[in-house]
Amino acid sequence: MTTRTATKRTASDAQPFDFNLDAVQAEVDLIPWRVNWKGRRWEFAHMEDLDVWGLIEAAEGGDIAATVGVMKAALGEKDWAEFRKIRLPQYKLKALFDAYKQHCGVGEGESEASSDS
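Basically the working numbering = 1-based index in the sequence shown + 1486.
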């Protein structure tokens, strides 16, 4: 009996690809969301434009950690640090996050990672 060995194909940059991620464009305008809070204007990046890696890690901690992860990513490190210095009652956080989701087109009962199907 002869033994067969698998030959490994390696793709070079000159070969065609199955999916061009570089060509994918957002289906919505990624307009930032602006909020007035304690006399200051805060700008949250659109949810669709947030880097997913930090969001995935935050989601492992549950709903509250995911919400904080989204807000932290949306504000950016510097503004997040300033935002955290201000006391924020829970009812205001809920209203803030609900309005932010609405701006970004994330419906009630849907997470930002949900598909439209």
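From the three backbone atoms N, C-alpha and C, an ideal C-beta is built for every residue, glycine too.
Asked	Found
Element boundaries [alpha helix (DSSP H), containing V1521]	Unbroken run through V1521 is the beta strand (DSSP E), 1519 to 1523; no alpha helix (DSSP H).
Range covered by the beta strand (DSSP E) that runs through F1530	1526 to 1530
Alpha helix (DSSP H) segment containing E1568, residue limits	1563 to 1570
Reference A1559; option with closest CA among R1520, Y1577, W1539	W1539
Straight-line gap, T1553 to L1561 (C-alpha atoms, nearest Å)	12 Å
Inter-residue CB distance, C1590 and E1534 (contact presumed, cutoff 8 Å)	7 Å
Pick from F1505, R1526, H1532, G1525 that is closest to A1512, judged by C-alpha positions	H1532
Burial state of G1548, where buried means 16 or more other Cβ atoms lie within 10 Å	exposed
Host alpha helix (DSSP H) of E1543 (start-end)	1538 to 1545
Secondary structure of I1550, DSSP reduced to three states	helix
DSSP state of L1507 mapped onto helix, strand, coil	helix
L1536 beta carbon less than 8 Å from that of V1556	yes
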